[in-house]
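Enquirer: Numbering-wise (our numbering), the sequence shown opens with residue 43 and increments by one. C-beta atoms are modelled at their ideal positions from N, C-alpha and C, and glycine is treated no differently. In this text the structure is predicted, and so the values were computed from the model without any measurement. Below are the structure tokens for one structure; questions will follow.
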Amino acid sequence: MKRPGFVEAAEVERGVNVPQSYRLVRRDARAERTVVRLRSGATFGGDEIAICAGPCGVESREQLEQAARGVAESGANVLRGGAYKPRTSPYSFQGLGEEALKMLRSAGDQYGLGVVTEVLDPRDVEKVTQYADMLQIGTRNMQNFALLREVGEARMPVLLKRGLSATVQEWLLAAEYILLGGNDNVVLCERGVRSFDVATRNLLDIAVVPLLEEMTHLPVIVDPSHAMGIARLVPPIAIASLAAGAHGLLIEVHPDPPNALSDGAQSLDCAQFEQLMRRLAPVAEFVGRRLPKRQATAGTNRNARPSMQ
Ligand code: PEP
Ligand code: MN
Numbered sequence: 043m044k045r046p047g048f049v050e051a052a053e054v055e056r057g058v059n060v061p062q063s064y065r066l067v068r069r070d071a072r073a074e075r076t077v078v079r080l081r082s083g084a085t086f087g088g089d090e091i092a093i094c095a096g097p098c099g100v101e102s103r104e105q106l107e108q109a110a111r112g113v114a115e116s117g118a119n120v121l122r123g124g125a126y127k128p129r130t131s132p133y134s135f136q137g138l139g140e141e142a143l144k145m146l147r148s149a150g151d152q153y154g155l156g157v158v159t160e161v162l163d164p165r166d167v168e169k170v171t172q173y174a175d176m177l178q179i180g181t182r183n184m185q186n187f188a189l190l191r192e193v194g195e196a197r198m199p200v201l202l203k204r205g206l207s208a209t210v211q212e213w214l215l216a217a218e219y220i221l222l223g224g225n226d227n228v229v230l231c232e233r234g235v236r237s238f239d240v241a242t243r244n245l246l247d248i249a250v251v252p253l254l255e256e257m258t259h260l261p262v263i264v265d266p267s268h269a270m271g272i273a274r275l276v277p278p279i280a281i282a283s284l285a286a287g288a289h290g291l292l293i294e295v296h297p298d299p300p301n302a303l304s305d306g307a308q309s310l311d312c313a314q315f316e317q318l319m320r321r322l323a324p325v326a327e328f329v330g331r332r333l334p335k336r337q338a339t340a341g342t343n344r345n346a347r348p349s350m351q
């Protein structure tokens, strides 16, 4: 007998009544939209836009320090950087692991930035939560259900990137796994999907920004860097993303992009990032939001937690 309100797995498979299976993420599951707040104070989903910026991968203390100082001075409020890199080739730079996590924590504390970093393996979730403020689930892991379950049990916000060729339905159901595990603090990140056209690295589906605003109470941000794959195309698309209503941006910034160990071609340098932030300010205002306050005292954050060396 069919239970009222209960969606059979077979119906979900066939796409029947699928909206009912987004029990927890659907817009009308909550009276208010979700605002995700990091320990550092950065918020996603409120009036303040979240600006996550930093290198693709943490390569050295010096590289991270330069990037963190640059993005903090320009007004970013979250430092990004990969410690564990999901590389297509096993011979490419794989990340510095826990050493990089320590560097991220100390740079984040020094410059008053939250820290978001990718976790690839369910066995690393506990370790990464000791250093980060937000766990990134990368595009290649959007349907790694063991990992989704593990971060669902973590008491830390999650940035869930859209899978390489995931439908909106698959993406929302991936978020549903995390909420079902007890973790309500999920931010969705559109980063472009695979397309027939390789003129840009991926095809940015900007339409999902207003679409998801209707479908879910979760905040949505855009990563124009991985979508475009070409640094000079990042600023106009970052602007378009905020204009479309994105609650934040994820931008790759490297102090020396030509010598980056990963994703140099799509990385802005610190001066280009500064220029982009200036261009974003009026766009934020236009959509009734604001950029994070610049850290007047970047580098001398009095509230810094003791750094974990
Ligand atoms: C990244 O953020 O550096 C990354 C690997 O992103 P994605 O999972 O979107 O490819
Ligand atoms: Mn990258």
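Give a single yes or no on whether residue 268 has its beta carbon closer than 7 Å to a heavy atom of ligand 1.
Expert: As a first step, residue 268 is located in the sequence shown; it is residue number 226 there, counting from the start. Answer for residue 268: yes, Cβ within range of ligand 1.
Enquirer: How should residue 70 be labelled, buried or exposed, when 16 other C-beta atoms within 10 angstroms of its C-beta is the threshold for buried?
Expert: Locating residue 70 in the sequence shown gives position 28, counting from the first residue. The residue in question, residue 70, is exposed, as its Cβ has fewer than 16 Cβ neighbours within 10 Å.
Enquirer: Comparing the CB of residue 98 with every heavy atom of ligand 2, is any distance shorter than 7 Å?
Expert: The count along the sequence shown starts at 1 and reaches residue 98 at position 56. Yes, the beta carbon of residue 98 sits closer than 7 Å to at least one heavy atom of ligand 2.
Enquirer: Please tell me whether, using a cut-off of 7 Å, the distance from the CB of residue 218 to the nearest non-hydrogen atom of ligand 1 is below it.
Expert: The residue labelled residue 218 in the question sits at position 176 within the sequence shown. No - ligand 1 has no heavy atom lying nearer than 7 Å to the Cβ of residue 218.
Enquirer: Which residues bound the alpha helix (DSSP H) around residue 312?
Expert: Here residue 312 corresponds to residue number 270 of the sequence shown, with the count starting at 1. Element bounds for residue 312: 312-328.
Enquirer: Taking the beta carbon of residue 186 as the centre, do at least 16 other beta carbons fall within 10 Å, making it buried, or is it exposed?
Expert: On the sequence shown, residue 186 is found 144 positions in, with the first residue counted as 1. So residue 186 ends up on the buried side.
Enquirer: For residue 291, does the three-state DSSP call read helix, strand or coil?
Expert: Residue numbering aside, residue 291 sits at position 249 when the sequence shown is read from its first letter. The answer is strand: DSSP assigns residue 291 an E or B state.
Enquirer: Rounded to whole angstroms, what is the Cα-Cα separation between residue 133 and residue 302?
Expert: Looking up residue 133 in the sequence shown gives position 91. Looking up residue 302 in the sequence shown gives position 260. If you take the alpha carbons of residue 133 and residue 302, they lie about 16 Å apart.
Enquirer: Per the DSSP calculation, residue 171 is bridged to which residue(s)?
Expert: Your numbering for residue 171 matches position 129 in the sequence shown. Residue pairing for residue 171: DSSP places it in no beta bridge.
Enquirer: If you follow the alpha helix (DSSP H) that residue 184 is part of, which residue opens it and which one closes it?
Expert: Position 142 of the sequence shown, counted from the start, is the residue given in the question as residue 184. DSSP places residue 184 outside any alpha helix (DSSP H), giving it a letter other than H or E.
Enquirer: Ignoring anything shorter than 3 residues, give me the beta strand (DSSP E) runs that lie fully in the region 94-138, in order along the chain.
Expert: 120-122
Enquirer: DSSP on residue 246, reduced to helix/strand/coil?
Expert: In the sequence shown, the residue the question calls residue 246 occupies position 204. Note: residue 246 maps to coil in three-state DSSP.
Enquirer: Tell me which residues share the same chain as residue 118 and place their Cβ nearer than 6 Å to its Cβ, disregarding the 5 neighbours each side in the sequence.
Expert: Looking up residue 118 in the sequence shown gives position 76. Cβ neighbours of residue 118 beyond the five flanking positions: 93, 95.
Enquirer: Okay, do the region 250-267 and the region 314-333 touch, 3+ Cβ pairs below 8 Å being the bar?
Expert: With the cut-off at 8 Å, the region 250-267 and the region 314-333 do not touch.
Enquirer: What does DSSP give as the partner residue(s) for residue 178 in the beta ladder?
Expert: On the sequence shown, residue 178 is found 136 positions in, with the first residue counted as 1. Paired residues: 160, 201.
Enquirer: Just reading off the beta strand (DSSP E) that residue 230 is part of, what are its end residues?
Expert: The residue given as residue 230 occupies position 188 in the sequence shown. That run of the beta strand (DSSP E) goes 228-232.
Enquirer: Just mark residue 335 as buried or exposed, buried being the case when its beta carbon has 16 or more other beta carbons within 10 Å.
Expert: As a working note, residue 335 is residue 293 in the sequence shown. The residue is exposed, with fewer than 16 neighbouring Cβ atoms inside 10 Å.
Enquirer: Report yes or no: do the region 212-227 and the region 172-186 share at least 3 C-beta pairs separated by less than 8 Å?
Expert: yes
Enquirer: Leaving aside the five residues before and after residue 267 along the sequence, list all residues of the same chain whose C-beta is less than 6 Å from its C-beta, in chain order.
Expert: Position 225 of the sequence shown holds residue 267. Excluding residues within five positions, the ones whose Cβ falls inside 6 Å are 276, 293, 294, 308.
Enquirer: May I have the straight-line CA-CA distance separating residue 82 from residue 174, to the nearest angstrom?
Expert: Working through the sequence shown from its first residue, we reach residue 82 at position 40. Working through the sequence shown from its first residue, we reach residue 174 at position 132. Going from the Cα of residue 82 to the Cα of residue 174 covers about 10 Å.
Enquirer: Quick one: Cα of residue 263 to Cα of residue 250, how far?
Expert: Taking the sequence shown and counting its residues from 1, the one referred to as residue 263 is at position 221. Taking the sequence shown and counting its residues from 1, the one referred to as residue 250 is at position 208. Near 10 Å, if we compare the C-alpha coordinates of residue 250 and residue 263.
Enquirer: If you run the structure through DSSP and keep just helix, strand and coil, what is residue 347?
Expert: Taking the sequence shown and counting its residues from 1, one reaches residue 347 at position 305. With a pLDDT of only 47 at residue 347, under 50, the local geometry of the prediction cannot be trusted, and the value read off the model is given with reservation. Reduced to three states, the DSSP call for residue 347 is coil.
Enquirer: Around the C-beta of residue 85, are 16 or more other C-beta atoms found within 10 angstroms, so that it is buried, or is it exposed?
Expert: Taking the sequence shown and counting its residues from 1, the one referred to as residue 85 is at position 43. Buried, by the Cβ-count rule.
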